[in-house]
Structures are given as structure tokens and as C-alpha cells.
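Residue numbers for the sequence shown follow our numbering, so the first one is 2 and each next one is one higher.
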Amino acid sequence: MKIRHLILLALLPLFSVNAQNFEDNFANESINDVPTQWRNVKGLGRIGELDGQKVLNLDRYTVVSPIVNGQDNNYLGDQFTIEFDAFFYDASSPNRQYYIIHLWEGTGVYGENGKHTDPYLIYKHGITVTGSFVNRKKLEPLAELERKWRHIKIEFAQKTLKIYINSRLTHIQPDLFYDPPMVSFSARNASGATSGITNVTITDQVDSIGPTTDEEPDDNSTSDQNLPYTFPPNDGNANQILQTDGQGTLSWVDFLADSSAGDSSTGLEAIDQGNGIGWRLVNGNEEYYGNIGKNAIDLSIESRSNRKNNEKGAMGEHAFASGNSTTASGRFSTAMGQNTIASGTNSMTMNSNTTASGLSSTAMGNSTWASGTNSIVAGNNTRAFGDNSVAMGGGVIADANNSFAIGRYNIGGGHPKEWREIDPIFEIGNGKSYPDKGTKEKSNALTVLKNGNIGIGTHTPQVKLHIQDGLDANNSKGGYLIIGDKQKENIVFDNNEIIARNNVQPAILYLQSDGGDVYVGRAVVHSSDRRLKQDIENLNYGLNEILQLRPVSYHWKSNPDATNKSLGLIAQDVQPILKELITANTNNGNDTLGVNYTELIPILIKAIQEQQTVIENLKSSATHKDEALVQLNERIEKLETLYSTHKISQK
Numbered sequence: 002m003k004i005r006h007l008i009l010l011a012l013l014p015l016f017s018v019n020a021q022n023f024e025d026n027f028a029n030e031s032i033n034d035v036p037t038q039w040r041n042v043k044g045l046g047r048i049g050e051l052d053g054q055k056v057l058n059l060d061r062y063t064v065v066s067p068i069v070n071g072q073d074n075n076y077l078g079d080q081f082t083i084e085f086d087a088f089f090y091d092a093s094s095p096n097r098q099y100y101i102i103h104l105w106e107g108t109g110v111y112g113e114n115g116k117h118t119d120p121y122l123i124y125k126h127g128i129t130v131t132g133s134f135v136n137r138k139k140l141e142p143l144a145e146l147e148r149k150w151r152h153i154k155i156e157f158a159q160k161t162l163k164i165y166i167n168s169r170l171t172h173i174q175p176d177l178f179y180d181p182p183m184v185s186f187s188a189r190n191a192s193g194a195t196s197g198i199t200n201v202t203i204t205d206q207v208d209s210i211g212p213t214t215d216e217e218p219d220d221n222s223t224s225d226q227n228l229p230y231t232f233p234p235n236d237g238n239a240n241q242i243l244q245t246d247g248q249g250t251l252s253w254v255d256f257l258a259d260s261s262a263g264d265s266s267t268g269l270e271a272i273d274q275g276n277g278i279g280w281r282l283v284n285g286n287e288e289y290y291g292n293i294g295k296n297a298i299d300l301s302i303e304s305r306s307n308r309k310n311n312e313k314g315a316m317g318e319h320a321f322a323s324g325n326s327t328t329a330s331g332r333f334s335t336a337m338g339q340n341t342i343a344s345g346t347n348s349m350t351m352n353s354n355t356t357a358s359g360l361s362s363t364a365m366g367n368s369t370w371a372s373g374t375n376s377i378v379a380g381n382n383t384r385a386f387g388d389n390s391v392a393m394g395g396g397v398i399a400d401a402n403n404s405f406a407i408g409r410y411n412i413g414g415g416h417p418k419e420w421r422e423i424d425p426i427f428e429i430g431n432g433k434s435y436p437d438k439g440t441k442e443k444s445n446a447l448t449v450l451k452n453g454n455i456g457i458g459t460h461t462p463q464v465k466l467h468i469q470d471g472l473d474a475n476n477s478k479g480g481y482l483i484i485g486d487k488q489k490e491n492i493v494f495d496n497n498e499i500i501a502r503n504n505v506q507p508a509i510l511y512l513q514s515d516g517g518d519v520y521v522g523r524a525v526v527h528s529s530d531r532r533l534k535q536d537i538e539n540l541n542y543g544l545n546e547i548l549q550l551r552p553v554s555y556h557w558k559s560n561p562d563a564t565n566k567s568l569g570l571i572a573q574d575v576q577p578i579l580k581e582l583i584t585a586n587t588n589n590g591n592d593t594l595g596v597n598y599t600e601l602i603p604i605l606i607k608a609i610q611e612q613q614t615v616i617e618n619l620k621s622s623a624t625h626k627d628e629a630l631v632q633l634n635e636r637i638e639k640l641e642t643l644y645s646t647h648k649i650s651q652k
């Protein structure tokens with residue numbers, strides 16, 4: 002009698018209800034057209050021709066995704082088949098050309114925080130998987146190596162992905178932990194030549210989700226391995242399971258223990274493998290796990306045998322493991338999710354491909370690592386090496402002791418164990434990643450050092466607030482620092498300027514507007530270049546206006562006890578005489594008036610000039626009078642002489 006296979010509906014959803022069907026329309030497109038059924042995620046894909054067939058051209062700068070029934074995301078269901086024909090050049094080295102398939106998760110926004118899967122590189126002779134998955138190179142000498150076209154088929158069902166090249170199963174990836182909602186295509190060719198795909202179809206049908214001739218068969222199965230499963234036409238009822246008749250036909254039945262199905266017992270069993278008694282799921286294959294730890298609980302599933310240096314399960318004392326291919330080897334550690342490792346004492350890991358090796362460390366997200374004592378990581382590809390450090394975001398590193406890093410691709414640095422004043426305590430990363438180039442540009446939007454220095458635009462601040470790499474304040478959109486509403490009243494700073502603005506135009510800059518002194522180390526210089534001025538006229542104000550002014554001494558009300566009185570003018574007295582010198586101060590809400598003493602200087606100069614003219618005239622008049630007096634004295638002297646002579650002659 003053939004052994005029947007039971008598939009639990011509650012644990013394994015099988016059917017796609019939202020998937021769409023798609024078929025490209027290249028035959029009706031014109032050469033160099035942008036295809037109407039495709040979205041350019043990156044670059045610009047156009048219709049071309051290769052080997053006499055219309056194709057969608059792809060190069061290293063182009064990523065495209067199909068638009069299915071008006072939507073460019075969320076069109077793949079929980080099972081689908083993608084098929085297309087890919088063109089390959091006859092090259093001596095087949096490794097020089099390949100197509101890149103991304104099955105996307107999350108929002109489907111290209112390059113945003115790792116929302117797409119690790120790429121599948123499809124060569125004419127095999128598959129390479131890169132990234133956080135195990136790097137499986139499936140490069141094999143397939144038949145007809147020199148053929149230009151390869152038919153590619155991608156199947157996804159029951160969390161298992163299969164890729165076929167010319168009908169040969171070349172790659173299988175079980176336990177895929179997400180349902181990809183969309184797919185994108187790109188290509189690389191070391192020669193620089195354009196690649197192309199055609200006959201692209203997407204359906205929600207899968208030919209076979211059972212084993213194939215290229216897969217290892219189930220040891221307990223006696224059914225024909227080449228037959229696909231035939232599913233029932235409905236979704237069944239709650240708590241029902243799928244039952245096979247051994248010939249590939251599945252039907253819904255109520256879950257009942259069946260002696261013909263072998264041992265159907267479930268739960269935990271006590272195991273002692275030399276470390277003390279622990280508990281593991283019943284019927285777990287001991288070859289697939291490491292030795293269970295004392296008082297450990299192992300709910301994890303492991304379907305492959307492991308080497309001694311890569312053992313799985315709850316191996317630490319009082320450890321707990323659940324999920325798929327998880328390892329809890331530290332004392333009191335917890336590992337959950339998929340491919341997670343909790344090796345530190347009191348450590349915890351969850352989600353996917355995370356590692357917590359530090360004492361009391363915690364790792365969450367995808368491809369994260371917490372190695373510092375009491376460290377925490379979350380996000381994608383983050384690292385926390387410093388003790389008591391936290392890293393959250395994408396590509397973030399918290400190197401320093403007691404540091405906190407968020408954002409993406411921060412600069413990091415610092416000693417992981419020691420407190421050093423020049424090490425960062427807080428970083429906000431705003432770096433960039435260039436997947437095409439395989440490079441990253443690390444930078445910080447904000448850095449706070451342990452000595453209290455804060456850096457904006459610099460990760461090595463030298464003072465308490467160090468701002469660097471801004472724009473010139475004269476630029477309407479520039480400045481290192483803006484205080485106030487950018488489109489209304491504000492003050493702008495750069496590395497050598499302070500500018501007040503109102504509605505993006507220069508405005509009054511107030512310094513001690515209600516009283517007080519402003520000290521300047523050297524001269525206050527005013528812009529006075531002729532090229533900056535227009536409507537230049539001679540000044541009409543002068544001595545007359547100056548003589549009408551009333552200089553006074555006074556105490557400021559804001560400082561009534563000052564030792565010395567201040568000297569100046571009263572704005573209300575000046576306004577009817579020299580209104581141009583008066584400025585209304587609305588900054589404090591009191592509409593007070595101010596005097597522009599700087600512009601009083603030209604009037605004083607004009608008054609001095611006028612006064613000098615008067616003085617010169619007076620000097621000239623005095624000179625004439627002096628000359629007249631000299632002449633008069635000379636005449637008097639002559640008269641006196643004549644008089645004296647006449648008087649003597651009479652005697």
C-alpha cells in the first residue's frame with residue numbers, strides 16, 4: 002500500500018488568488034519604441050532586434066518591470082510561473098554575459114533599503130545566487146552550449162523557487178521566507194553589447210510543485226516522482242488537510258490520525274545528548290542538529306545535514322530555538338526566524354540571517370550582526386560592534402562604545418570597548434549605495450561626539466557646534482544655518498557672512514535694538530562700490546539741518562543704573578528734519594524708532610564743507626580788511642610826518 006502524504010492547510014497556503022496573467026506585446030511594437038506594457042525602473046529599455054526577433058533591449062544601466070493589467074507592482078501571487086527567451090552571444094567564456102532577475106518584496110521601490118531579493122544571475126550554462134542567501138553556483142555544461150537562445154522558466158509555489166534553463170532544473174531554493182509581489186529584469190555583458198529578452202509570459206499556474214528528476218525524492222514516498230500534483234478546484238473547509246492518493250491527485254479531508262500514514266505523533270520529546278536533558282520536536286532527525294543543551298527547548302526545523310562547525314538548533318544551556326535553520330548556542334539564548342544565530346550568552350536573534358554574538362545582545366531584521374556586549378541591531382545589513390551600542394537602519398554601523406547610529410551608511414568609527422572623548426556617541430547616516438558599481442559612499446547628516454561637540458556636514462566637529470559644507474548666504478537658497486521661516490523673516494549664516502532676509506530679500510539686521518553695546522574688534526566696513534549704486538546725486542542736506550539737531554545725554558530704560566549716560570539724538574526730534582535717517586523697528590512689536598547714525602556722517606561732512614566755505618569767506622574778508630588797515634596806517638604815518646615837518650618850519 003502506498004504511503005499517503007498529509008499537507009497541513011493551516012501551515013502551508015497553496016493557492017494564488019490575486020495573481021494575473023501577462024504576455025508581452027513585442028510583435029506589435031516598433032523598433033526603438035519604449036514598450037507600452039513595461040515600466041522602466043531604471044534607465045530606458047527600448048524595443049530592439051536580435052537574431053531576427055524583436056526583443057526588449059537590456060544593458061547594465063536598465064532595469065525593467067512588466068505592467069500587468071495596469072499595475073506595476075503586487076501582481077505576483079503566492080504561486081506563479083515566469084517564462085521568457087533570453088538571447089546569448091557566442092562567446093568563448095559564457096561567464097561574460099548574464100541576465101539578472103530580482104523577485105521583489107516590500108514596496109517594490111528600486112534600491113530602497115533592500116526591498117528586492119538577492120539577485121539570480123542567469124547564464125547560458127547555469128545560475129548563480131548572490132547576496133545574503135547561501136552562494137550556490139549552479140554553472141554546469143548544459144547541452145547545446147553554442148545555441149544563441151535559452152528558454153528560462155521560473156516557478157514559485159509552497160515557498161520553493163525553481164529555475165529551469167531549456168527545461169532542465171538548474172536551481173532550486175526551498176524555504177523562501179516571503180511572497181514576492183513583482184519581478185524585474187536587467188542584464189550584464191562584459192563586451193558591452195546589448196542583451197535582450199522576448200516571449201515573456203507570467204501565469205498563476207505551476208506545472209509541478211512536487212519533486213522532479215533532478216531533485217532528491219522523499220525516502221518515504223513510493224509515488225511516481227515525475228507526476229505533477231492535481232489540486233482540488235475549491236479551498237476546502239477550516240482545519241482540513243490535503244491528502245494525496247499516491248498518484249498525484251490531492252483532495253480535501255478532515256484531519257484524522259491514520260495508521261497507514263506512519264507515526265503521526267506531535268509535540269516535544271526529552272533528549273539527552275551529553276549536555277543534560279533538553280526538549281526537541283518529535284521525529285526530528287538528530288543528524289540535522291547539534292547536541293541539544295541542558296534544559297533547552299528546540300522548536301526549529303532543519304531539513305539538511307550540517308557540518309560540525311555549522312550545527313543548528315538549541316544547543317546552549319536553557320536555550321530556545323524556533324523557525325527554520327536557527328542556532329541558539331549561547332547560554333540562555335533565543336533564536337527565531339530563518340538562518341539566525343544566537344551565540345552570545347543571554348543573546349536573542351529573530352527575522353532573517355541575523356547574528357547576536359555579544360553578551361546580552363539582540364539582532365533583528367535582515368543580515369544584521371550584534372557583537373558588542375548589550376548591543377542591539379535592527380534593519381538591513383546593520384552592525385553593532387561597540388559595547389552598549391545600537392544600530393538601526395540600512396547599512397548602519399555602531400563601532401564605538403555606548404554609541405547610537407541610525408539612518409543608512411554612516412561613517413562610524415571609534416573604540417568598541419573604551420570611552421574616548423573624540424569617538425561618536427550619536428550618528429545619523431545619510432550615505433549612498435551604488436549597486437551598479439558595487440560601492441558605497443558613507444556620510445553623516447549629524448554627528449555628536451562624546452565630548453559634546455556636534456557636527457553638521459562634518460563627522461569630526463572641533464567645537465560645540467561645527468557646521469560645514471553649506472552654500473554661500475548670498476544665494477537665495479544658500480547658507481549654512483537659517484533661523485526663521487525661509488520664505489519670510491529669517492537670518493542666514495555662512496562661513497563669513499550674516500544676512501537678514503524678508504521674503505528672500507535683504508532686510509534689517511537688528512543688534513541690541515533695545516539698548517546695549519555692540520563691540521567690534523576692528524573697523525565696520527560698508528559696501529560702497531560705485532558699481533553697486535545708481536541714481537547718484539549731490540546731497541542737499543548740510544549745516545542748516547545739523548544746526549537744528551538736538552544732541553542729548555540719557556539713560557536707557559533697560560539699564561537705568563548705568564554709571565555713564567549714553568549720548569545721541571532722539572529719533573522723534575530728528576524725523577521732521579532728516580526723515581531718511583529714521584528706521585521703524587517692528588522687531589519687538591512696539592514700533593519703536595531708530596536713528597541711522599552711519600548715514601548722518603555724509604550730512605556732517607556736507608555741513609563741515611559748508612562751514613569751511615563760510616570760514617574761507619571770513620578769512621578772505623579779514624585779509625582784505627588787514628590790507629586796508631595797513632594802507633590806512635601808512636597814510637596816517639605820512640600825515641603825521643607832514644604835520645611834524647610843517648610845525649617845525651613855522652617855528
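Note that the Cβ used here is the ideal one computed from N, Cα and C, for glycine as well. Small disclaimer: the values here were computed from a predicted structure and weren't measured.
In this structure, THR355 lies near THR341, with their beta-carbon atoms less than 8 Å apart. By the Cβ-count criterion, ALA191 is exposed, with fewer than 16 other Cβ atoms from all chains shown falling within 10 Å of its own Cβ. TYR644: member of the alpha helix (DSSP H) spanning 598 to 651, first to last residue.
Look at the beta carbons and you see the region 151 to 165 touching the region 73 to 92: at least three pairs across the two are nearer than 8 Å. Taking 8 Å as the cut-off, the Cβ atoms of LEU579 and ASN586 do not count as close. If the five residues before and after LYS441 are omitted, its C-beta is found closer than 8 Å to the C-beta atoms of GLY396, TYR410, GLY432, LYS433, SER434 and TYR435, all from its own chain and listed in chain order.
With contacts defined by Cβ atoms closer than 8 Å, GLY46 and LEU57 form a contacting pair. Going by DSSP, GLU422 is part of no alpha helix (DSSP H) at all; its letter is neither H nor E.
Note on geometry: alpha-carbon atoms of TRP39 and HIS126 lie some 27 Å from one another. The alpha-carbon separation between ASN565 and SER559 amounts to approximately 14 Å.
With contacts defined by Cβ atoms closer than 8 Å, SER376 and GLY394 do not form a contacting pair. Under the three-state reduction of DSSP output, LYS580 falls in the helix class. DSSP, read as helix, strand or coil, puts ILE547 in helix. Taking C-beta separations shorter than 7 Å and ignoring five residues to either side along the sequence, the partners of GLN612 in its chain run LEU544, following chain order.
Exposed is the label assigned to SER528, since fewer than 16 other Cβ atoms lie within 10 Å of its Cβ. In the three-state reduction of the DSSP assignment, GLU84 falls in the strand class, which pools E and B. Around the beta carbon of VAL464, a 10 Å sphere encloses fewer than 16 other beta carbons of the protein chains shown; the residue is thus reported as exposed. Around the beta carbon of GLY285, 16 or more other beta carbons lie within 10 angstroms, which makes this residue buried. Under DSSP, GLN463 forms no beta bridge with any residue. Per DSSP, reduced to three states, the secondary structure at TYR289 is helical.
A distance below 7 Å between beta-carbons, with the five flanking residues on each side excluded, links ASN597 to the following residues of its chain, in chain order: LEU582 and THR584. For GLN573, the enclosing alpha helix (DSSP H) covers residues 572 to 575.
Boundaries cannot be given for TRP557, as no beta strand (DSSP E) includes it and DSSP labels it neither H nor E. Comparing alpha carbon positions, the residue from THR129, ALA563 and ARG531 closest to THR171 is THR129. If you look at GLN54, you'll find it in the beta strand (DSSP E) that goes 54 to 59.
Assignment of beta-bridge partners to TYR542 by DSSP yields no partner. Here the C-alpha atom of HIS625 lies approximately 14 Å from the C-alpha atom of ILE616. The DSSP assignment places complete beta strand (DSSP E) segments of no fewer than 3 residues inside the region 158 to 204 at 161 to 166, 169 to 174, 183 to 190 and 196 to 204, in order along the chain. Per the C-alpha coordinates, the member of PRO181, ASP34, LYS55 and GLY439 positioned closest to ALA28 is LYS55. A Cβ-Cβ separation of about 5 Å places SER390 in contact with GLY373 under the 8 Å criterion. No Cβ-Cβ contact shorter than 8 Å links SER185 with TRP253.
In this chain, the beta strand (DSSP E) harbouring ILE492 covers 490 to 494. Counting other Cβ atoms within 10 Å of its Cβ, ASN381 reaches 16 or more and is therefore classed as buried.
By a beta-carbon distance limit of 8 Å, ASN403 does not contact ILE423. Their separation comes to about 14 Å. Annotated three-state conformation of ARG97 is helix, per DSSP. Counted as a single uninterrupted DSSP element, the beta strand (DSSP E) harbouring ILE500 occupies residues 499 to 503.
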